[in-house]
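Residue 1 is where the sequence shown starts when you use my numbering, and the numbers rise one by one after that.
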Amino acid sequence: MSSSSALIVPAVRTAFRAAREALSHSSTSVNLRHATGTHLLRISGYSLLHGLLPAGDSIDSGSFPAGGHDWSFCFYPNGVSTRSPTASFTLSLADRDWASASAACRVSILDRAGAPAYSAAVKPLRYNRHGPADYEEGRVRDLVGVEELRRKAATGELVDDEDCLRVRCDVIVLKVDTESAIQRYIREAASRLGNR
């Protein structure tokens, strides 16, 4: 028997045993990981919004990538209603297809130095193109009272010299990868063959 045959035969035996084991029972491996994305919404001329944008109207961010999906958020600087005048936000999955994804987010109004002055978080929820699957949990989140926001902006604590308010959205997307025993065997076998 040649020396190359002596190396190949044990490798084939090992591969055969692993294949027989993979086919003789069913199992699945689940790998959980997360991916993040951040988007900065800059609202220039913020002081003009008070008289121009009524409660219930939002400023919408552009779409931004996070975890293999496109996202966007709506910022309500004058609140969603006059009954509850609180600057608020909502997160949306902006994918154009029928995708769905699980994500958590934190939206922050930044101070002049770029540090969060007001923040609110949404726990991990399942989103599709129509919004969060659990509407009650994913509804509009409050950040700060409209009057307090206006007062802090007027003193220059929240806006820069160009009257620009900055709102940051941090999204964490949960990724779930599953792999059956046979898929794992094929991946590992291909990897071993590629290393020779």
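Quick reminder that beta carbons are idealized off the backbone N, C-alpha and C, glycines included. Because the structure is a prediction, the values reported are computed rather than measured.
Helix or strand or just coil, what does DSSP make of residue i?
{"i": "Arg168", "result": "strand"}
{"i": "Ala66", "result": "strand"}
{"i": "Ser58", "result": "coil"}
{"i": "Ser44", "result": "strand"}
Based on the DSSP output, what are the partners of residue i in its beta bridges?
{"i": "His39", "result": "Cys169"}
{"i": "Arg106", "result": "Ala121 and Asp170"}
{"i": "Pro10", "result": "Answer by DSSP bridge pairing: none, since Pro10 is not bridged."}
{"i": "Ala101", "result": "Tyr127"}
{"i": "Thr86", "result": "Gly145"}
{"i": "Asp95", "result": "According to DSSP, which records beta bridges pairwise, Asp95 is partnered with nothing at all."}
{"i": "Ser72", "result": "Ser92"}
{"i": "Val159", "result": "Leu165"}
{"i": "Pro132", "result": "Tyr127"}
Applying the 10 Å Cβ sphere with the 16-neighbour rule, what's the burial state of residue i?
{"i": "Thr38", "result": "exposed"}
{"i": "Arg187", "result": "exposed"}
{"i": "Val14", "result": "In the sequence on display, residue 14 carries Thr and not Val. With fewer than 16 Cβ atoms within 10 Å of its Cβ, Thr14 is classed as exposed."}
{"i": "Leu165", "result": "buried"}
{"i": "Pro116", "result": "exposed"}
{"i": "Ser92", "result": "buried"}
How many Å lie between residue i and residue j at the Cα?
{"i": "Arg112", "j": "Leu41", "result": "14 Å"}
{"i": "Gly68", "j": "Val167", "result": "22 Å"}
{"i": "Pro132", "j": "Thr155", "result": "36 Å"}
{"i": "Arg83", "j": "Gly56", "result": "11 Å"}
{"i": "Leu48", "j": "Phe89", "result": "19 Å"}
{"i": "Pro124", "j": "Pro10", "result": "48 Å"}
{"i": "Leu52", "j": "Ser119", "result": "25 Å"}
{"i": "Glu148", "j": "Glu157", "result": "11 Å"}
{"i": "Glu162", "j": "Leu110", "result": "15 Å"}
{"i": "Ile59", "j": "Val159", "result": "17 Å"}
Apart from the five residues on each side of it in sequence, which residues of its chain come closer than 6 Å, Cβ to Cβ, to residue i?
{"i": "Asp70", "result": "Ser63, Ala94 and Asp95"}
{"i": "Thr86", "result": "Gly79, Asp142 and Gly145"}
{"i": "Ser102", "result": "Pro124, Arg126 and Leu174"}
Give me, in chain order, the residues of the same chain whose beta-carbon lies closer than 7 Å to that of residue i; leave out the 5 immediate sequence neighbours on both sides.
{"i": "Ala66", "result": "Ala35, Thr36, Gly37, Val171 and Val173"}
Between residue i and the ligand ZN, is there a pair consisting of the residue's CB and a ligand heavy atom that are separated by less than 6 Å?
{"i": "Tyr127", "result": "Because no ligand of any kind appears in the structure shown, any question about the ligand ZN cannot be addressed here."}
Here's a check: name, in chain order, each residue in its chain whose Cβ is nearer than 8 Å to the Cβ of residue i, leaving out the five neighbours to either side.
{"i": "Arg151", "result": "none"}
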